[in-house]
Amino acid sequence: MSTHPNMAQRKKAVFNWSGGKDSALALLTILQEAEFEVVSLLTTIDEKTATSSIHDIPLNLLRQQADSIGIPLYPVTLSKEKSYTEGMTEAATHFKDQGVKHFIFGDIFLSDVRAYREKILHPLGITLVEPLWGKTSKQVMADFLQSGIKTKIILTQADQLDENFIGREIDGDFARSLPSGVDLCGEKGEYHTFSYDGGPFKNRIDFTITKVNLISHEFKLDDGSVKHHEYWQAVISG
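In the working numbering, the protein residues as written are 79 to 316.
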């Protein structure tokens, strides 16, 4: 059987998977455009909790997402001994040996985040690809609502969105209910989501919110100071 010439010319890439709505939309965009062959989904995992960084999605649910999409998951475990920079450097080296030269992310407009990723990956010969970059949050949300992807909120920044937003489906009504000052896509960290059906998924991932906790995260800033943020966090299982 002959191979389609466009298939043979596709560039190998790794997709950095958060499990949330922008990630699912960015992946769907990449798969539809067919410029890249996505060889793996990459997710950073907290060693203590066995959940994804930031979103706090359990590893077993991340694997279910990957199985539904049909692309293998490559977890990168982070700990006190292994920072994000170290973990991503190891992962980039691993995949570069397999001919991967592109890492794909679902960022929209946070230039400092993009610059941070480039600082790690460019010296390793890895090029960043950002399919949602340059769009407004309004455009991204419109694209998301048209995509058919199903997603629910599982984490909110407590001073931005209260616990009543946990479990909310991202739909047109949700977009209209957001308080002023909150980015429509939660790009500034106001909320995070878990995507479970539609778009790149071949089958629905069943999950349950078992409880909601108020948690605190500590962030060390460049000047050495420490900042605390409180979050409403859904504990999810499936």
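Ideal Cβ placement from N, Cα and C applies to all residues, glycine included.
Remember, it's a predicted structure, so these values are computed and weren't measured experimentally.
query, result
"Of all the options Asp134, Leu151, His133, which has the alpha carbon lying nearest to the alpha carbon of arginine 141?", "Leu151"
"Jot down the residue ranges of each uninterrupted alpha helix (DSSP H) in the region 209-282, minimum 4 residues, whole runs only, in chain order.", "215-225, 250-255"
"Should isoleucine 293 go down as buried or exposed, given a rule of 16 or more other Cβ atoms within 10 Å for buried?", "exposed"
"Tell me the DSSP bridge mates of isoleucine 123?", "Ser130, Thr155"
"Quick one, which of Leu120, Ala193, Arg282 has its alpha-carbon nearest phenylalanine 181's?", "Leu120"
"How is lysine 89 classed by DSSP in three states: helix, strand or coil?", "strand"
"Within a Cβ cutoff of 6 Å, which residues of the same chain sit near lysine 90, ignoring the five residues on either side of it in sequence?", "Glu115, Val117, Gly177, Val178"
"Output the distance between the C-alpha atoms of leucine 137 and glycine 148, rounded to the nearest integer angstrom.", "16 Å"
"Nearest-angstrom Cα distance between arginine 88 and isoleucine 132?", "31 Å"
"Is phenylalanine 183 helix, strand or coil by DSSP?", "coil"
"So leucine 106 and isoleucine 227 are supposed to be a Cβ contact under 8 Å. How far apart are they, rounded?", "7 Å"
"Leaving out the 5 sequence neighbours to the left and right, which residues in its chain are closer than 7 Å to threonine 271 when beta-carbon positions are compared?", "Gly98, Lys99, Thr229, Lys230, Ile231, Ile232, Ile248"
"I'd like the span of the alpha helix (DSSP H) that includes glutamate 191, first residue to last.", "Here residue 191 is valine; the residue named in the question, glutamate, does not match the sequence. Element bounds for valine 191: 189-199."
"What span of residues does the alpha helix (DSSP H) with isoleucine 202 cover, start to end?", "Here the sequence assigns leucine to residue 202, which means isoleucine is not the residue at that position. Note, leucine 202: premise wrong, no alpha helix (DSSP H); not H, not E."
"Per the contact definition of three or more C-beta pairs closer than 8 Å, is the region 303-312 in contact with the region 234-254?", "yes"
"My output table needs one value for isoleucine 321: the three-state DSSP class, helix, strand or coil.", "Because the chain is modelled from 79 through 316, residue 321 falls outside the range shown and cannot be assessed."
"For threonine 162 and aspartate 185, what's the separation of their Cα atoms in angstroms?", "This sequence places tyrosine at residue 162; threonine is not what is there. Distance between the alpha carbons of tyrosine 162 and aspartate 185: 17 Å."
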